[in-house]
Each structure stands twice: as structure tokens, then as C-alpha cells.
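These notes concern the structure reproduced below.
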Amino acid sequence: MSIRFSSTIVAASVNFKSSKNLNINRSRNCRFSVRSCVSESQHAHKLVLEVKERLAKDCTSLPLGKYGRDDEDMILWFLKDRRFSVDEAIGKLTKAIKWRHEFKVDELSEDSIKAATDTGKAYVHGFLDVKGRPVVIVAPAKHIPGLLDPIEDEKLCVFLLEKALSKLPAGQHKILGIFDLRGFGSQNADLKFLTFLFDVFYYYYPSRLDEVLFVDAPFIFQPIWQFTKPLVKQYASLVKFCSAETVRKEYFTEETLPSNFRS
Numbered sequence: 001m002s003i004r005f006s007s008t009i010v011a012a013s014v015n016f017k018s019s020k021n022l023n024i025n026r027s028r029n030c031r032f033s034v035r036s037c038v039s040e041s042q043h044a045h046k047l048v049l050e051v052k053e054r055l056a057k058d059c060t061s062l063p064l065g066k067y068g069r070d071d072e073d074m075i076l077w078f079l080k081d082r083r084f085s086v087d088e089a090i091g092k093l094t095k096a097i098k099w100r101h102e103f104k105v106d107e108l109s110e111d112s113i114k115a116a117t118d119t120g121k122a123y124v125h126g127f128l129d130v131k132g133r134p135v136v137i138v139a140p141a142k143h144i145p146g147l148l149d150p151i152e153d154e155k156l157c158v159f160l161l162e163k164a165l166s167k168l169p170a171g172q173h174k175i176l177g178i179f180d181l182r183g184f185g186s187q188n189a190d191l192k193f194l195t196f197l198f199d200v201f202y203y204y205y206p207s208r209l210d211e212v213l214f215v216d217a218p219f220i221f222q223p224i225w226q227f228t229k230p231l232v233k234q235y236a237s238l239v240k241f242c243s244a245e246t247v248r249k250e251y252f253t254e255e256t257l258p259s260n261f262r263s
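For the sequence shown, position 113 (counting from the first letter as 1) is numbered 113 according to full-length UniProt numbering, and the numbering increases by one without interruption.
Set out below in C-alpha cells:
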């Protein structure tokens, strides 16, 4: 009896020490993780200031303020996109800021894009998807190349992106794009606009797309995708071909489902 009792005491002591050591290790790992995060944050901030100083010195013609050369949030986003390469971030950022100024992004409004909006070819959905992402829905079957001045379609595209990004909830940084390809035909193909679209997402809104759904793509769409796929490079991995049923079941609730996907 005494031997068993003694063994129990020893085992309990060993378990207590092991548990204590485990908690100590967890505590050390936690402190190490916090220090690592703080260190990375400090390094990132240092790079942001470096970019900011270089832009102030070498690109004085660029505007200031929100989305300007001193916008630290924008600088950080482009640094992340370029894996914290200062030179690459500056090159891409300079191009984006110039483009925003020349395209007059800040002057876009519902009234200025009314002609394109009235076609119903694209809009920002009123609800987030199940992952908390703003949603831009495009209906290519309603796009007729040449019906409007191409600049009107470009303005619509940029306005909707700005609107979707303004709806980003805390902690979310990317959006979902849904291309409803039902009814799409050769008359709707517009390679010039597609080129603009790729430039927008690569140069001016990098890493803002989280996923792109091609819904019920008809056979005629396949050669178009095979032609454009090499152009989008790594962005092709964001594309998912799916059915309208998948959109209904996996991306929205009954309350948040877009009207054109209701059966």
C-alpha cells in the first residue's frame, strides 16, 4: 500500500513539474511571439518612413494627403505587395499615385457614371459575403463593346472598386469579385477592357482581390480565358469556376444572397 501511495506521489510530482515546465515554455514562446511581432512592426514602420522620405525628396510633384505620397497606410500596402522591397514599392506606388491623379479618381460619383450604371452590368452588392468581404458583381452579358465610350466603362470599374473598398470591415482587406457569365456570348467579349481591368488590379489596386468567381461559364468563354490567363499570371490562382448553386450555398446566407442568384 505504501509503495503504491509513494508511486502516486512521485507521478503527481513529475506531472506537476512537466505541467509547470510546459506553462513556462508556453509563456516564453508567447513572449517571443509578441517580441517578434513588435520587431516586424517596427521594421515595417521604418521602411514606410524610408519610402515616405524618398518620395518627398524625389517626387515632389506627387500630391499629398489621402492616397498621396505621404499616405502611410497606402505606402505600407504597396510595401506588403512588393514583399517589402523599397525600390519596387516606390516604383509601383509612384505609378499608382500619378494614375489616381490623372484619372481623377476622387472626382468620380454616382452621377458621373450614371450612363454605365444604368446598364446594370456591374454593381457593389449591398451585403458582405459569409467571409465578411465586400462583393462586386459583374454581368458581362450586359456589356456591349462600343455602346458607350470606353472611358465610361473604366470609370464604372474604378468607382465600384473604390466603393467596395470603402465597405471593408475592420480586419478585412480584400474583396470578392463575381462574374455572372450566364448568357455571355461572343458579342460581349472585350479584350481591351480586360487589359484595363488587369492593369487596375495589378498596378493600382494590388492584392485587393481575394477571390474571383466565374459563374456558369459557357463553352465560348473557355478560349477567351485561355488567351487571357497568361496575362494575369499569379492572379489566375484567384479564379474559381463554379455554378450559381455554389454561390447560393457557399458564399451567402438566405438573407444576403444577391437577387440575381435567387432561384
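The beta carbon of each residue, even a glycine, is placed where N, CA and C say it ideally should be.
Buried or exposed: which applies to residue i, given that a residue is buried once 16 or more other Cβ atoms fall within 10 Å of its Cβ?
{"i": "G132", "result": "exposed"}
{"i": "H45", "result": "exposed"}
{"i": "R69", "result": "buried"}
{"i": "L49", "result": "exposed"}
{"i": "R262", "result": "exposed"}
{"i": "I144", "result": "exposed"}
{"i": "F78", "result": "buried"}
{"i": "L191", "result": "exposed"}
{"i": "L147", "result": "exposed"}
{"i": "F227", "result": "exposed"}
{"i": "A56", "result": "exposed"}
Contact check, residue i vs residue j under 8 Å by CB: the rounded distance?
{"i": "L209", "j": "G177", "result": "6 Å"}
{"i": "T253", "j": "V130", "result": "7 Å"}
{"i": "E72", "j": "K52", "result": "7 Å"}
{"i": "L161", "j": "Y205", "result": "6 Å"}
Measuring CB to CB, does residue i end up less than 8 Å from residue j?
{"i": "L47", "j": "T94", "result": "no"}
{"i": "residue 266", "j": "K142", "result": "Residue 266 is absent from the structure shown; the chain starts at 1 and stops at 263."}
{"i": "K92", "j": "Y203", "result": "yes"}
{"i": "A116", "j": "D153", "result": "yes"}
{"i": "Y123", "j": "I137", "result": "yes"}
{"i": "T256", "j": "F84", "result": "no"}
{"i": "P140", "j": "L181", "result": "yes"}
{"i": "L231", "j": "F198", "result": "yes"}
{"i": "A217", "j": "F193", "result": "no"}
{"i": "F201", "j": "Y251", "result": "no"}
{"i": "D81", "j": "S166", "result": "no"}
Quick one: which unbroken alpha helix (DSSP H) runs of 4-plus residues sit fully inside the UniProt domain "CRAL-TRIO" (112-263)? Chain order, please.
Within the UniProt domain "CRAL-TRIO" (112-263), the complete alpha helix (DSSP H) runs of at least 4 residues are 114-117, 150-166, 191-199, 221-232 and 244-250.
Could I get the ranges of all uninterrupted alpha helix (DSSP H) runs contained in the segment 34-103, with 4 residues as the minimum, in chain order?
72-81 and 86-103, all fully within the segment 34-103.
Segment contact flag, the segment 211-219 with the segment 167-177, C-beta cutoff 8 Å, min 3 pairs
Segments in contact, yes.
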